[in-house]
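Enquirer:
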Amino acid sequence: MKCAKCGSFATKLNSNDIPVCSRHSKVSVKSPKCPNCKLEMTIRKGKFGSFWGCKAFPMCDGIQKI
Ligand SMILES: [Zn+2]
Ligand SMILES: [Zn+2]
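Pasting the structure below:
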């Protein structure tokens, strides 16, 4: 799991369930925009770990790595 802010090893999840390192645990991480439909993305958990998924899922299947 990598910190969504700096990419270093994430030690915990912040209040939005986003992986963050100890330095960034208090920093709110902005959700990225979906590359397909420009909607906000939310954290989803799959069998390969957490990733950004489009809010419009299943209408839109835009995903992005954290
Ligand atoms: Zn960090
Ligand atoms: Zn989308």
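Oh and the sequence shown: position 27 is 59 in the working numbering, straight run, nothing missing.
Ideal Cβ placement from N, Cα and C applies to all residues, glycine included.
No experiment lies behind these values; they were computed from the predicted model shown.
1. If you drop the 5 nearest sequence neighbours on each side, which residues of the same chain put their C-beta closer than 6 Å to that of Ser40?
2. What are the partner residues of Val52, as DSSP defines its beta bridges?
3. Determine which residues share a DSSP beta bridge with Cys86 and list them.
4. Have a look at Trp84 and Lys44 and give me their C-alpha separation to the nearest angstrom.
5. Between the Cα of Val59 and the Cα atoms of Ala88, Gln96, Cys38 and Arg76, which residue gives the shortest distance?
6. By DSSP's criteria, Lys97 is part of a beta bridge. Which residues make up the other side?
Expert: According to the structure data:
1. Residue numbering aside, residue 40 sits at position 8 when the sequence shown is read from its first letter. Cβ within range, chain order: Cys53.
2. As a working mapping, residue 52 is identified with position 20 in the sequence shown. Answer by DSSP bridge pairing, in chain order: Lys44.
3. As a working note, residue 86 is residue 54 in the sequence shown. According to DSSP, which records beta bridges pairwise, Cys86 is partnered with Met73.
4. In the sequence shown, the residue the question calls residue 84 occupies position 52. In the sequence shown, the residue the question calls residue 44 occupies position 12. Taking the straight line from one Cα to the other gives about 17 Å.
5. As a first step, residue 59 must be located in the sequence shown, where it is residue number 27. It is Cys38.
6. Numbered from 1 along the sequence shown, position 65 holds the residue referred to as residue 97. The partner list for Lys97 (beta bridge, DSSP) is empty, contrary to what the question assumes.
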